[in-house]
Amino acid sequence: MGQVAFDTLKFVETLETAGLPKDQAKAISLAVRESHEAADVATKRDLEDAKKDVLSEVTAVKRDLEDVRKEIEFRFEKTDTQIADARKETATQIALLRKDVESISTWLLIKMAAMMTALLGIAVTLVKILI
0 MGQVAFDTLK
10 FVETLETAGL
20 PKDQAKAISL
30 AVRESHEAAD
40 VATKRDLEDA
50 KKDVLSEVTA
60 VKRDLEDVRK
70 EIEFRFEKTD
80 TQIADARKET
90 ATQIALLRKD
100 VESISTWLLI
110 KMAAMMTALL
120 GIAVTLVKIL
130 I
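0 is the number of the first residue of the sequence shown in numbering that gives the first Met the number 0; add one for each residue after it.
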């Protein structure tokens, strides 16, 4: 913090002009000066410096936030790409499973038809034998 400028000589002269004796004027001037020295007063310069510091910090925080925003956007884009790739892979696997199920269904149908034909043949043979 800065100190308040205090012209003791001018203050003493002002007090003397008002009719106080020189010793009393000096004593009062000294007491006022000491009270100013003891006071922790901010000057305009101190306030301007503090304002610059705050603005500098705010600017730095804004920059940091912008960097964080960019990082989050990058991660979201990366995640979106990974999700899209996973969906494509899942769709491909589902298509292959459908193809496998269709193939198994066809195979089972052929086997069932073959078994029915065999059973029909056995039934015809049994009928011929029994008749």
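Built from N, CA and C at the ideal position, the CB exists for glycine as well.
Residue i burial status per 10 Å Cβ neighbour count (16 or more: buried)
i, result
"Ala-24", "buried"
Proximity of residue i and residue j at Cβ, strictly below 9 Å
i, j, result
"Thr-7", "Val-31", "yes"
"Ile-27", "Phe-10", "yes"
"Ala-49", "Ala-59", "no"
Can you give, in chain order, each stretch of the alpha helix (DSSP H) that sits fully within the region 10 to 87 and has at least 4 residues?
-> 21 to 37
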